[in-house]
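Residue numbers (the working numbering), protein chains in the order written: chain A, 11 to 230; chain B, 116 to 229. Don't be surprised by glycine CBs; every beta carbon is placed ideally from N, CA and C. Remember, it's a predicted structure, so these values are computed and weren't measured experimentally.
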C-alpha cells in the first residue's frame, strides 16, 4: 500500500490522476513519434530549448495529445448539392486538466487513396464543419454558420484543418458534424462518394500549456 | 539502478549515475517511450575549503568553514542538483489517447554545494 501511495503521488506530479492501463491502445501517430525521436536526438543538456514550446508546430505548449474520433457515419440528408459524406465526429477531451490552456487544435482527415481524380471543369468538393451539441441531435442549429467551410479542386490522402481559433474552450466532449459534398455537375468526384470506405479515419491533435509551464511563466 | 562503481568514486560532491527503468517500476504497458532514462543523483562531500568546481555559494563556503571549526554544531552544506534537464515521454493516458508530454527537471546535469 505504501508503494502504491508513493506511486500515485509520483503520477500526480507527472500530471496523471491514476496509472493508465490502456485497453485497446491505438498505434502511435507518426507525427508524435517523429517529434519524440527528434527530441531524443537533441544533445544534452537541452541548453537553449524552450521546454514550454512545441518547436515542431511553432506554438507554445508542453503537452501534445492525439485524440481518436469516436463518432459515427450519419445517414445522408440532401440539404444541398450532392452530399456524399456525413459523419458525426466525437472527441472525449475529459483528460484535459483544469488550468490547461489550448494553444493548437488540428483536425486530420485521412482518406483511402493518395489523391482523388481531378474533377471535371466547374466541379469542386465542398467541406463544412459544424459544432453540435455532444448530447443533442447531430445537426447544426438552424441558421448556425459552419465552424469551418472549405472547397477543394483536388483532395489528397491527408487533410489537416486548423481549428485553433474556433476551439478556444473545447469543453469535456467535443462533437462536430462533418459534411462533404460535391457541387456542380456530377462527375469524376463521384469516385469519392461512391465507395464509403474512402474516408479512413479522423483524429484531433491538441497542444496545450500545462500547469508546469503556466506556473513557471508567471514566476518568470 | 545505480551501478556499484568499479573504481573508488570521488568523495566530492558530483552527479552519480542512476538509470530509471520504467519496466522495473511496472510502467512499461502505458509508457511507449523511452523505456528508461539516465536520471542521475547528487552524492559526495562538501569539504572545507570548497573548490570552485563544486558550484558552491558563498554561504556554503562559510558553512564549511564553520563546520570545520565545530563539526558537531554545524553540518556540512548539502550536495544537491543545481542544473537539471527535461525529458519528453510518449505514453497512453487514461483514455487510451497517445500523449507526448514534456517534463521539466527530470535529469541531474550538475550538482553543487548549498
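Three or more Cβ pairs drawn from the segment 149 to 159 of chain A and the segment 174 to 193 of chain A lie within less than 8 Å of each other, which places the two stretches in contact.
Counting the other CB atoms within 10 Å of its CB gives residue 78 of chain A a total of 16 or more, which places it among the buried residues. Annotation: residue 149 of chain A to residue 187 of chain A spans about 7 Å, alpha carbon to alpha carbon. Within the segment 43 to 107 of chain A, complete beta strand (DSSP E) segments of at least 3 residues are found at 73 to 78, 92 to 102, given in chain order. In this structure, residue 76 of chain A lies away from residue 222 of chain B, with their beta-carbon atoms at least 9 Å apart. Nearest in C-alpha terms to residue 125 of chain A, of all of A:168, A:218, A:96, is A:168.
Counting the other Cβ atoms within 10 Å of the Cβ of residue 34 of chain A gives fewer than 16, which makes it exposed. Residue environment for residue 216 of chain A: buried (at least 16 other C-beta atoms within 10 angstroms of its C-beta).
Rounded to whole angstroms, the Cβ separation of residue 229 of chain B and residue 175 of chain B is 6 Å, and the two are in contact under 8 Å.
Within the segment 200 to 218 of chain B, contact with chain A at the beta-carbon level (separation under 9 Å) is assigned to 200, 201, 202, 203, 204, 205, 206, 207, 208, 209, 210, 211, 212, 213, 214, 215, 216, 217, 218.
Residues of chain B whose Cβ lies closer than 7 Å to the Cβ of residue 77 of chain A are, in chain order, 212. The beta carbon of residue 107 of chain A sits closer than 8 Å to those of 25, 220, 221, all from its chain and outside the five residues before and after it, given in chain order.
What residue 148 of chain B touches in chain A, judged by beta-carbon distance under 9 Å, is 38, 43, 46, 47, 50, going in chain order. Nearest C-alpha to residue 166 of chain A among A:29, A:172, A:71, A:119: A:119. Listed in chain order, the alpha helix (DSSP H) elements of length 4 or more contained wholly in the segment 170 to 216 of chain B are 173 to 184. A distance below 9 Å separates the beta carbons of residue 122 of chain A and residue 208 of chain A. What residue 69 of chain A touches in chain B, judged by beta-carbon distance under 7 Å, is nothing: the nearest beta carbon there is about 13 Å away.
Residues of the segment 151 to 170 of chain B with a C-beta atom less than 8 Å from some C-beta of chain A do not occur.
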